[in-house]
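**Q** Numbering (our numbering), first residue to last: 38 to 118. All residues carry an ideal CB built from backbone N, CA and C; glycine is no exception. Predicted model only: the values in this text are computed from it and were never measured. I have a structure here, written as C-alpha cells, and I will follow up with some questions on it.
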C-alpha cells in the first residue's frame, strides 16, 4: 500500500466512524464537500497539507499525531519516493 492510500483510508475510517453525512463531516473538518468526495473516491487525488491540517483541526489532533495514527493503522505503507 502506498502512503497516500493509507492517508485516504485513515480519513475514510474517521468519516465512517463519525456517523456523519459527507456534508456535515466536511463542514466539521473545515474542508469542502467536493474535497471529501475526492478523498473517498478518486485514486489519483493528491491531498494537500492544508487539507490534512484542517482534518487534524476537526479531529483535535496535531499533524504529527495524525501521521503516527496512519502509520500505526497501516505499518506496511510505503513512504513517498
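Measuring CB to CB, does residue 84 end up less than 8 Å from residue 66?
**A** In the chain shown, the residue the question calls residue 84 occupies position 47. In the chain shown, the residue the question calls residue 66 occupies position 29. Not a contact, by the Cβ cut-off of 8 Å.
**Q** Between which two residues does the alpha helix (DSSP H) carrying residue 112 extend?
**A** Start at 1 with the first residue of the chain shown, and residue 112 comes out as number 75. That residue, residue 112, is in no alpha helix (DSSP H); it is neither H nor E in DSSP.
**Q** According to DSSP, simplified to helix, strand and coil, what is residue 94?
**A** As a working note, residue 94 is residue 57 in the chain shown. The answer is helix: DSSP assigns residue 94 an H, G or I state.
**Q** Buried or exposed for residue 87, please, with buried defined as at least 16 other CB atoms from any protein chain shown within 10 angstroms of its CB.
**A** If you number the chain shown from 1, residue 87 lands on position 50. Exposed, because fewer than 16 other Cβ atoms sit within 10 Å of the Cβ of residue 87.
**Q** Using a Cβ distance threshold of 8 Å, determine whether the stretch 65-80 contacts the stretch 98-112, with at least three qualifying pairs required.
**A** Touching, no.
**Q** On a Cα-Cα basis, can you pick out the residue from 98, 97, 47 that is closest to residue 73?
**A** Residue numbering aside, residue 73 sits at position 36 when the chain shown is read from its first letter. Measuring from the Cα of residue 73, the nearest candidate turns out to be 47.
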